[in-house]
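This report refers to the structure that appears directly beneath it.
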Amino acid sequence: MRISIILEKLSKTKYIGFIFWIIVWQVLSVEINQEILLVSPFSAIKRLSELIFEHQFWIAITNSSFRIILGFLLSLITGVVLAMFSTNYKIIEAIIKPMMDMIKSVPVVSFIILCLIWVSTKYLSTLISFLMVLPVIYDNCHTGIKNIPKEMIEMVNVFNVDRLRQVRYLYVSEVMKYLKAGCSISLGLCWKSGVAAEVIGIPKGTIGENLYNAKIYLSSSDLFAWTMTIVVISILFRRLFMYMLEVVESRLK
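Counting from 1, position 30 in the sequence shown corresponds to residue 296 in the numbering used here; the numbering is continuous, with no gaps.
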């Protein structure tokens, strides 16, 4: 009776999926019984609790976060600007579209290897995050602008609404839902691609370098601890940024 009540309460919480997969992880680690292949969640959490008190841990988080977030913000600004120009000028759209299609089609690892020739490993994650996020932001903003009803555009032109008010009350309000959808997807993508670039480029004092070292020394506990760190930082940044977009949207209404 008590078990059924506990299960019923758990099913109503948003953590049920998280708890389920932690249990699966623990069961698999017990069955495999080889730490080098799969550590238990408790071992990973223990190692993470040790890393938290190391100075280099926070340096790596700071360096990686700054460079990856910088790449995301640059792609956000560039994607919005390009979407605005390509919607108003067909020639720009014709030029940009093949480039965006190419970026979406080329594997991330190909871009990482190519970009290693052009830039130092220090800002490789910034460039890769920028390239991977740009098409998503561009496509969503471009679609949002194109879907603005023509009647509304004609109305603001008839009543000679100034450009600033047009942008604020027409374009921003109509495009924001598309931008939020694009950012929701991109915020996870920028972290995955950025850290992948760091693992291949191995810049000093980064999360990618620590993941690479964990692989070299076959330290599964370090590998899972750093992976958990990436997941937590990615989720926190995503929630913070989406909240900021909600605040901006509410103030513009």
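Beta carbons: idealized from backbone N, C-alpha and C, even for Gly.
Being a predicted model, the structure only gives us computed values, none of them experimental.
request  = Helix, strand or coil for Asn413, going by three-state DSSP, please let me know.
outcome  = Here residue 413 corresponds to residue number 147 of the sequence shown, with the count starting at 1. Coil at Asn413, not helix or strand.
ask   = If we call anything under 8 Å between Cβ atoms a contact, is Ile403 one with Leu342?
value = The residue labelled residue 403 in the question sits at position 137 within the sequence shown. The residue labelled residue 342 in the question sits at position 76 within the sequence shown. Yes, they are a contact pair.
Outcome for Trp384 when other beta-carbon atoms lying within 10 angstroms are tallied against a minimum of 16 = Position 118 of the sequence shown holds residue 384. By the 10 Å Cβ count, Trp384 comes out exposed.
Supposed contact pair Ile327 and Thr495 - C-beta distance, whole angstroms, cut 8 Å = Taking the first residue of the sequence shown as 1, we reach residue 495 at position 229. Taking the first residue of the sequence shown as 1, we reach residue 327 at position 61. The pair is a contact, with the Cβ atoms about 7 Å apart (cut-off 8 Å).
ask   = How big is the Cα-Cα spacing for Thr253 and Ile357?
value = Absent from the structure is residue 253, since the part of the chain shown begins at 267 and ends at 519.
Same chain, Cβ closer than 6 Å to Leu309, five either side skipped, listed in chain order = Sequence index remark: in the sequence shown, residue 309 carries index 43 (1-based). Here residue 309 is Ser; the residue named in the question, Leu, does not match the sequence. These residues qualify, in order along the chain: Ser487.
Extent of the continuous alpha helix (DSSP H) run through Phe308 = As a working mapping, residue 308 is identified with position 42 in the sequence shown. Pro307 to Leu317 is the span of the alpha helix (DSSP H), which, as asked, contains Phe308.
inquiry  = Which residue wins for smallest C-alpha separation from Arg504, given the options Ile394, Ile378, Lys446 and Thr409?
reply    = Here residue 504 refers to the residue found at position 238 of the sequence shown. With distances taken between Cα atoms, Arg504 lies closest to Lys446.
message = For Glu464 and Ser391, which I take to be in contact (beta-carbon distance under 8 Å), what is that distance rounded to the nearest angstrom?
response = Position 198 of the sequence shown, counted from the first residue, corresponds to residue 464. Position 125 of the sequence shown, counted from the first residue, corresponds to residue 391. The Cβ separation is near 5 Å, so the contact holds.
query = Are at least three pairs of beta-carbons, each pair with one atom in the region 329 to 338 and one in the region 455 to 463, less than 8 Å apart?
reply = yes
query = How about Gly345 and Leu397: are their beta carbons less than 8 Å apart?
reply = For the purposes of this step, residue 345 is identified with residue 79 of the sequence shown, where counting begins at 1. For the purposes of this step, residue 397 is identified with residue 131 of the sequence shown, where counting begins at 1. Their beta carbons are not under 8 Å apart, which means Gly345 does not touch Leu397 by this criterion.
Collapsed DSSP secondary structure at Asn354 in the structure displayed = Walking along the sequence shown from the start, residue 354 turns up at place 88. Of the three classes helix, strand and coil, the one that applies to Asn354 here is helix, per DSSP.
request  = Please list, in chain order, all residues of the same chain as Asn479 whose beta carbon is under 8 Å from its beta carbon, the five residues on each side excluded.
outcome  = Within the sequence shown, numbered from 1, the residue matching residue 479 stands at position 213. If we look at Asn479 and ignore the five residues flanking it on each side, its Cβ neighbours are Ser485 and Asp488.
key: Asp367 versus Asp405, Tyr355 and Thr353, residue with shortest Cα-Cα distance   = Locating residue 367 in the sequence shown gives position 101, counting from the first residue. For Asp367, the nearest C-alpha among the options comes from Asp405.
message = Can you tell me where the alpha helix (DSSP H) holding Glu320 begins and where it ends?
response = For the purposes of this step, residue 320 is taken as the residue at position 54 of the sequence shown. Neither: Glu320 is in no alpha helix (DSSP H) and is coded neither H nor E.
ask   = Any idea what DSSP makes of Tyr389, helix, strand or coil?
value = For this step, residue 389 is matched to residue 123 along the sequence shown. Here Tyr389 sits in helix by DSSP.
query = Is the closest heavy atom of the ligand ATP to the C-beta of Phe503 under 7 Å?
reply = The model depicted lacks the ligand ATP and carries no ligand whatsoever.
request  = Output the distance between the C-alpha atoms of Ile468 and Phe332, rounded to the nearest integer angstrom.
outcome  = The residue labelled residue 468 in the question sits at position 202 within the sequence shown. The residue labelled residue 332 in the question sits at position 66 within the sequence shown. Distance between the alpha carbons of Ile468 and Phe332 is about 16 Å.
inquiry  = Only counting the same chain, and skipping five residues up and downstream in sequence, which positions put a Cβ closer than 6 Å to that of Phe351?
reply    = If you number the sequence shown from 1, residue 351 lands on position 85. Cβ neighbours of Phe351 beyond the five flanking positions: Ile358.
message = Let me confirm a value: Leu477 is counted as buried when at least 16 other C-beta atoms fall within 10 Å, else exposed. Which label applies?
response = Taking the sequence shown and counting its residues from 1, the one referred to as residue 477 is at position 211. The residue in question, Leu477, is buried, as its Cβ has 16 or more Cβ neighbours within 10 Å.
ask   = Whose C-beta lies closer than 8 Å to the C-beta of Leu294 among residues of the same chain, with five residues either side of it excluded?
value = By one-based count along the sequence shown, residue 294 stands at place 28. If we look at Leu294 and ignore the five residues flanking it on each side, its Cβ neighbours are Leu304.
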